[in-house]
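Report on the structure given below.
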Amino acid sequence: MAYLVLSNGKIFEGRRIGAPVDRVGELVFTTGMEGYLETLTDPSYFGQIVTHTFPLIGNYGVIEEDFEGKSALFGYIVRELCGHPSNFRSQYALNDYLVRQDIPGLCGVDTRQIVRITREEGVMNAMICDRIPQDLSALKAFRVLSAVQSVTCKEKKEYPALGEEKYRVALLDYGAKRSIIRSLQRRGCRVTVWPADTTAEALLKSDPDGVMLSNGPGDPKENVACIEEIKKLLGQKPLFGICLGHQLTALAMGGDTVKLKYGHRGGNQPVKDLTTGRTWITSQNHGYAVVADSLKGKGIETFVNANDGSCEGMAYPEKNCFTVQFHPEACSGPQDTGFLFDRFIDMMGGKDHA
Amino acid sequence: MPKNASIRKVLMIGSGPIVIGQAAEFDYAGAQACRVLRDEGVNVVLVNSNPATIMTDQHLADEIYLEPLNAETVRRIIEKERPDGLLAGLGGQTALTLAMQLSRDGTLAQYGVRLLGSPIEAIEKAEDREQFRDTMRRIGQPCVPSEIAETLTDALAAAQKIGYPVIVRPAYTLGGSGGGIAQDESEMKVIAQAGLDASPITQILVEKCISGWKEIEFETMRDALGNVIAVCSMENVDPVGVHTGDSVVVAPALTLSDKEYQMLRTASLKMIEAIGIVGGCNCQFALNPDSFEYAVIEVNPRVSRSSALASKATGYPIAKITTRIALGYTLDEIANDITGKTCACFEPALDYVVVKFPKWPFDKFHGSSRRLGTQMKATGEVMAIGQSFPEALMKAVRGAEISLDTLNAPAVSDADIFTRLAAQDDRRLFTVFEALKKGITPDEIFEITRIDRWFLYQLQGMAELETRIQKTGLMEGDYAQLKRLGYPDSAIRRLFGANDLPAWPFSYKMVDTCAAEFAAETPYFYSCPAGDCESRALKRSGKPVVIVLGSGPIRIGQGIEFDYSSVHCVWTLREMGYDVVIINNNPETVSTDYDTADRLYFEPLYAEDVMKIIDVEKPIGVVVAFGGQTAIKLTKFLDEHGVRILGTSAESIDIAEDRERFDKLLEQFGIRRPRGMGVRTLEEAVSVAEELGYPVLLRPSYVIGGQNMTISRTKEHTVAYMEKILAGGIDNPVLIDQYLPGIELEVDVISDGTDVLIPGITDVLIPGIMEHIERAGIHSGDSIAVYPPYNLNDVFLRKICDCSEKLALALGTKGLVNIQYLIYNNELYVIEVNPRASRTVPYTTMNYTLLK
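Residue numbers (the numbering used here), protein chains in the order written: chain L, 240 to 593; chain A, 919 to 1770.
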C-alpha cells in the first residue's frame, strides 16, 4: 500500500506503479478519455502529478511514435493500469515506461474523489509516498519553478518540411509538443526549433518567414527574459502562439495572466470563435489564463471558453500576430481547429489573417 | 441562432409498434421531444399507432392521433391540423421514411409544412446508397467496396466482381432485416432474392465482407450553424459481421489509441457536415485491427437505438438536444441540464465504463437458430456502468435476466469448444470464458472469434482468478478483488463455497457528463465496490423516500408497457410528495431518463444490487407492482429482509403465484379453474398429464410471456418437454393444466383492499375487460384483443365482475391485479392471476380515457 498525501491533509490509498520513489508535485487532473501517451510525454506537465479521470489507462500500451516529447511530469495517478495491452502498434506495457522514465505513480486510487476535491478547493500540492509524513511543510512549500528551463531544448534543431518547402518557421521551444512541429512540417514548413533563451536578435538573424511560440509548463510570469525577447519579436515577423506562447505574448503586450482554480485539461473544452460565432471542441492543458480585460486597446479577444468565459485566444493585428490558449495541434484530442495553422501559413504568405 | 418563432405547431411522428430493431428507445426519444416542444410553447400534434407509450400520454401532446403510420393517414392529419413543421427524426426509420414519402409526393410543400431537423436532401444523401457513396467519395472517406443491385442477375454479377464472401443489405429496412452474408453463388441466390423482397424499393447493396474488423460507432450532433460534436464513441466487442444490436458494446471505445480514435472522430464530423445533418446522427465504421485502414459502414441520419444508449451512457440527452436544434437553437445556446452551468456544445467525458448486453428471445423460442449475423435478433438490451470492464460486464450479465450471475454458463450444445467458439451465437461470450478456463490462449480465441485481445485478456484475468480460488479457497484480498471485478455474493458463495462473507457496502458515483469537472445538479448513480460515496453525501429533501423497481430489458412478454406503468407510478408518487428513487437497467426507456424520478440508480434489478441501494436510500417502502415479473421476482427476497412492499403484500403475491395456495383460495369461493397441478419430476409430470387427460398445457411457474409454455398432446411430448426443462434446473414447479379451447378474456382490476374498481364499470358501465379473438392456448400476448368485449352476455359479465371482486379482495390486492378467464362450455374458469400491473394497463388506460 502506498499513499497520495494532499497538502490539505487528505490521504488516498493506492498501489505503487512506475518508479518506486517518493515525490512531491502539483496535483492536476485531465479528463481526456484516450491519448494517455500524449499526456505522459507532454512537457507542459512539468512539476505536476497528473490524475486521469478515465479509469482504464494503458489499454494499448506504449507506442513510441506517438510521443509528444520527453516526459516531464512528476507523478502519475490512475484508477487501473492495464498490464496486458492490445494494439497492432503496441510495443510494451505502460508500467515499463513509467519505471524507465523514473515516474512514480499509484493505481487503485479513487480518482473521481481527487477531482472533486480539486474542483472544490483548487489545485494543490500532493506527494506520492510509502509512508505518510508527519510534517507537511515541505509538501506545502513546493512550487513549480524553472519550468521552461527544465524542458526546453539545449541546442537548436532542424526539422525539414514534408513535401515541397514553402516557408521557414522559427519555433521557440518552451516545452514544445512534437505535434506542433509536425503540423507545420505537414504544411510545407521547414521548422527550426530554438532553445527558449534564444535572443530575438539571433532568431531574426536567421530570417524566418514566421515565428511560432510553443506551449510549455509553469507560471508564465516566471519567464521574464523570454517575455522581453517576445517584445522585440512582435511586429517583426508573422507570429503564432499556442498555450504558454499565448500567455507570454499577452504579457509581452502589457497584459496580465491569472492562475485558474483548477485549470482546463482534456479534449472536450468548447471554445467560441468570436469572429464567426462557431464553437469548436478543443484539446487543452493549462493552469493559467490571459486576462482579456488587461489587453483592452492592445489586442482583440478572438476566442472564449464557452463554459467559463475565460480567454482562449487573442489577435494583435498591428503586430501581425495571433495566439490561442488551446491546442490546435491536438494530440491528444480533437483535430477540429487545425485550420489555425493554415491561417499562420496564410500570414507568412502575406495574407492578412483577420 | 435563437428559436425560430414561426414554428408554432409541430407534427411529430412516432415509431409505431415495437419490432426487433426499433423498440422502446423511440418512446424515450419521442417523449423527450414532446416535452421539449411543449416547454418551448409549441403546439404538439402526435401521430403514433402504438398506444402503449409514454409519448401518447395526454399531457405530452396537445392532439394525439392513434392512427396507422402511412402516408395517406398522415396527409389527412396534416390537412386537418395544418402544422408549421414536421419532426420525423425521432420516430425511427418508420417516421423518417414517412417524411420522405410526404416530401416526395408534394404534401409538405402543398401545406407549407417545413421538415424540421435534417433537410430532405441530407436524409437522402445518407439513406440512398448511391448518393451516400458519391458524398463519401467527394470528401475522401473510404466506403466498403460495394455495388447496388435491383435484380438477382445484377446482384450475382456484383458479387462476382467484388469477390465472395459478400454482405447483402436491403435498402430502407430496419435492423438489417432481410440481409445476410453469402459465401458463394448458391448462397447468394437465396440471400439476394430475400433481400430484394425485403426492400420496399427492391434494392440491395452487395458489399465486400469485412467480417473480423473492429466495429466502432460515433454518436454525433450538428446544428444549423455547423457546430459539430461527437457525443460518444462505442466499440462493439464482437467484430464486424455481428449486427451492432446483437453485439456486446462498450462505451467509450476501449482499444483505440488517440491516433485511431481521432481519425474516426474527425471522419464522423466531416461526414455529417458533408451530408448536412441537423441534429443527432450515428456513424458506423469498420477498422482494420492491423492497420489504420478503415471503412465507413453507414450513417443513420436520425436518433437511433445507439443514440439512446449513448444518451444513457454519457448523460447527454441526444433526443432533447436534437429537438432544440430542430427548433433553430445552436449547440452553444443550449444548456447542459446535468451541470446546469456549462453548455451543450461539448463532448461528454466519462470516468467509468459502460457495457451494453443484448437480450435475445431464444429462451422463448427453443429450436430457432441462435446464430448472430447482419440481421438483428435481440429484442432489448441492458446497460451497466462500472469502473472496470469486468465489473460493468458482470453487472450487465446478471441484469440481463438470463439466469446467470457470472460468466460460467452451461453449453447449449454438445459440440466441442472450438466449434462452439466459431458458432457466433448469443452464448459466445460465455463460450469464450469457458475456453479461457480450459487454458485455451487468447491468441487462439482471437483467431477464431476476432474479438480484440484486450477483451480476452480481461476475461482471462477473471478466469484465472476463479480457477485459482477454486483450488486454494478465498485468500486474503480475494474477496475485495472479486467485488472489484463485479462478483455478487451469491456467486462467490456458490463458486467458492465461501459462507462467511463480510458486509461490503457499495459506494455510488455519479454520471454527470463531465468526469466531475463541474458540480452536477441532476446526476444519476451507479455502484462501485469502493471509494467515496456521492449518493450518501447528497443532500436529501427530507421527504419520505419510495423506491420503484423498473422492469429491466425489453423481452417478449415484458415490453415497453411496463415502463409506461413504472413511469406513471413515479410521477404520481412525486405529485403526492414523495422523494422517488427508480432502479432500472434498460437504456431504452423513459424511466431511466435522469429527470423522471428524483434519483435514478442505473443498476441491475438483482437482489444484492437492489438491497445495497435500499441500505443507502432507506425507503419507507418499495413498489414492485409495475416492474413486471422482474420486480415481482424480488418480492420474496425483499420481504424476508424486512423491506416493506407497497401495494399488494408479499404474502398475497405468493398466494397468487403459488399453485397450491392459489387453488385453495379458489376452492374457498367455488371458482373453477382448469384442473392441474404443480410437478417437479418427469414421473410426476407423466402421471399427472395422464390423470388430467390430453391435451394438457405445460409451463414453469414464476415466468412471464409464456416462456417455455407448450400444449402437449402425447406422453412423448411431455417427456421431451420435462427433460429439457429439468436439464436447465428449476427453482419452482412446472405447472400442468387441462387444456380447454375456450374463449379467453382478461380483466384489469384496481382495488384499495376494501373497494374494487374494474376500470370503466362505475361510471360508463363498460367493464375493463378485453376479449381475445383467438381461442385459449394462443398466448394472450399473441392474441388479438378487443375492448370492450364483443360477445359477452350480461350473465357472464356479472359473473366476471363478481368473481374478480372476490379474488381481488381475498388476495388483499392494493393496486392492480390482472385476471385471465376462460369460458368453455358455458362455464367460467380462472386461468391465472397476476398480482401486478400487466401489459394491458396502458391499453386499458387509453381506452378508458377515450371513453370518458
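For every residue, glycine included, the Cβ atom is placed at its ideal position computed from N, Cα and C. Predicted model only: the values in this text are computed from it and were never measured.
Collapsing the DSSP output to three states places LEU1552 of chain A in coil. GLY274 of chain L is positioned such that its CB atom lies closer than 8 angstroms to that of ASP1176 of chain A. When only Cα atoms are considered, PRO969 of chain A and LYS1295 of chain A end up about 24 angstroms apart.
Contact annotation, PRO1441 of chain A with ILE1256 of chain A: C-beta distance approximately 6 angstroms; criterion of less than 8 angstroms satisfied.
Apart from sequence neighbours up to five positions away, the residues of its chain that approach LEU579 of chain L with a beta-carbon distance below 7 angstroms are VAL563 and PRO567, ordered along the chain.
Under a criterion of Cβ atoms nearer than 8 angstroms, the residues of chain L adjacent to PHE1264 of chain A are, in order, ASN507, GLN508, PRO509, ILE520, ALA545 and ASN546. In chain order, PRO294 and LEU295 make up the part of chain L whose C-beta sits under 8 angstroms from the C-beta of VAL1271 of chain A. Linking GLY449 of chain L to ALA409 of chain L through their CA atoms gives a straight-line distance of about 6 angstroms. Non-local beta-carbon contacts of THR391 of chain L in its own chain, meaning distances under 7 angstroms to residues more than five positions away in sequence, involve ASP412, TYR413, GLY414, PRO434 and ALA435 in chain order. Between the stretch 1496-1516 of chain A and the stretch 1446-1466 of chain A there are three or more inter-stretch CB-CB distances shorter than 8 angstroms, so the stretches are counted as touching. For ILE1193 of chain A, no Cβ of chain L is located within less than 8 angstroms of the residue's own Cβ. At least 8 angstroms separates the CB of ALA1142 of chain A from every CB of chain L.
Across the structure, THR1138 of chain A and GLY939 of chain A are spaced so that their CA atoms are roughly 20 angstroms apart. Distance check between GLU1068 of chain A and each of A:GLN950, A:ALA1116 and A:GLN1399 places A:ALA1116 closest, using alpha-carbon atoms only. Taking a cut-off of 8 angstroms for Cβ pairs, the stretch 284-294 of chain L and the stretch 1185-1202 of chain A do not touch, as fewer than three such pairs fall below it.
Shown here for ASN524 of chain L: same chain residues with a beta carbon closer than 6 angstroms to its own, the five before and five after excluded, namely SER283 and ARG504 in chain order. With fewer than 16 other CB atoms across the displayed protein chains lying within 10 angstroms of its CB, GLN373 of chain L is exposed. Using a 10 angstroms sphere on the CB of ALA1398 of chain A, the tally of other CB atoms stays under 16, which defines it as exposed. Fewer than three pairs of CB atoms, one per stretch, sit closer than 8 angstroms, so the stretch 1242-1254 of chain A makes no contact with the stretch 1199-1207 of chain A. For ASP512 of chain L, the beta-bridge partners assigned by DSSP are L:PHE542. A direct Cα-Cα distance of roughly 27 angstroms separates SER1669 of chain A from MET973 of chain A.
Put simply, the stretch 1158-1166 of chain A does not touch the stretch 1016-1034 of chain A. Fewer than three CB pairs are less than 8 angstroms apart. For the pair GLN475 of chain L and GLY588 of chain L, the Cα-to-Cα distance works out to about 15 angstroms. Separation of VAL954 of chain A and GLU1689 of chain A (C-alpha to C-alpha, rounded to the nearest whole angstrom) is 38 angstroms.
From the beta-carbon of GLN1305 of chain A, the residues of chain L found nearer than 8 angstroms are PRO294, ARG318 and GLU319. Counting along the chain, ASN334 of chain L sits inside the alpha helix (DSSP H) bounded by residues 333-339.
For CYS465 of chain L, the enclosing alpha helix (DSSP H) stretches over residues 463-472. Under the three-state reduction of DSSP output, GLN1586 of chain A falls in the helix class.
In this structure, DSSP gives LYS379 of chain L a helical state, which the three-state scheme calls helix. Listed in chain order, the non-local C-beta contacts of LYS379 of chain L below 8 angstroms within the same chain comprise SER246 and ASN364, local neighbours out to five positions each way being set aside. If you ignore the 5 residues before and after ARG1591 of chain A, its C-beta comes within less than 6 angstroms of the C-beta of LEU1584, TYR1747 and VAL1748, all in its own chain and listed in chain order. Burial check for GLU1309 of chain A: the Cβ neighbour count within 10 Å reaches 16 or more, so the residue is buried.
In the pairwise beta carbon analysis, the stretch 551-558 of chain L is classified as touching the stretch 535-542 of chain L: at least three pairs are separated by under 8 angstroms. With a cutoff of 8 angstroms on beta-carbon distance, LYS1732 of chain A and THR1548 of chain A are scored as not near each other.
Contacts between PHE327 of chain L and chain A, judged by CB atoms closer than 8 angstroms, involve PRO1207, ASP1208 and SER1209 in chain order. One alpha carbon belongs to PHE1424 of chain A, the other to PHE1414 of chain A, and they sit about 21 angstroms apart.
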